[in-house]
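So for the sequence shown, the numbering used here puts the first residue at 12; every next one is plus one. We put the beta carbon where it would ideally sit given N, CA and C, even for glycine.
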Amino acid sequence: MFIDIFSQDKIPQILGKVLDCTTKVQDVISSNIANIDTPGYKAKEVSFQSLLNSYIDQIDMTEPSDMGSKLLDFEPEVLEISGGNLRMDGNNVDIDMEMVKLSENQIRNYMAIQLLSKRQNMLSFSIMEGR
């Protein structure tokens with residue numbers, strides 16, 4: 012029974028998915044910053060929150076396994092940002108906004124790593140029976 016609980020535990024997989032998403036966000040932000048001087052480049056962003064909210068709305072809270080499987084299927088989309096402060100060369104990358112997004116993403120990434128680490132420590136403590 013004890014082993015069965017761990018085989019059904021999807022929290023590490025979900026946290027891994029969060030780390031995958033933060034990596035994708037990091038890549039998009041890096042691309043935007045790298046193309047700040049590219050004429051005609053349109054900034055991109057990862058649509059994260061709205062898609063995540065729609066997945067959460069689909070989850071049947073009475074079925075615990077549903078939560079894990081739905082979140083593991085979650086894939087954020089990369090969208091081109093239209094409008095914004097369009098410069099004369101047609102580029103709309105705003106370095107200040109990109110730096111804010113970068114900071115927010117780093118916090119999400121750090122939080123997921125810390126949760127995963129704490130979870131691992133709790134499991135280790137349980138396995139060692141508190142010794």
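To the nearest angstrom, report how far apart residue i and residue j are at their CA atoms.
i    : j    : result
I92  : A54  : 5 Å
I16  : I124 : Note that I16 scores a pLDDT of 46, beneath 50, so its modelled location is shaky; the value from the coordinates is reported in the next line. Cα to Cα, I16 sits roughly 22 Å from I124.
I138 : L127 : 17 Å
G94  : I47  : 15 Å
C32  : D100 : 31 Å
I106 : P50  : 15 Å
F85  : S58  : 11 Å
D38  : K129 : 26 Å
M122 : E140 : 27 Å
L83  : A45  : 30 Å
S149 : Y52  : One cannot answer for residue 149 here, as it falls past the ends of the chain, which runs 12 to 142.
Within 10 Å of its beta-carbon, does residue i have 16 or more other beta-carbons around it, so buried, or fewer, so exposed?
i    : result
S135 : exposed
I25  : buried
E109 : buried
N102 : buried
Compute the distance between the beta-carbons of residue i and residue j, then report whether it is under 8 Å.
i   : j    : result
N43 : V104 : yes
E56 : L97  : no
I40 : N116 : yes
L30 : N120 : yes
K28 : P87  : no
So what does residue i bridge to, in DSSP terms?
i   : result
V89 : V57
Within the region 103–135, ranges of the beta strand (DSSP E) (whole runs, at least 3 residues): Segments of the beta strand (DSSP E) lying fully in the region 103–135: there are none.
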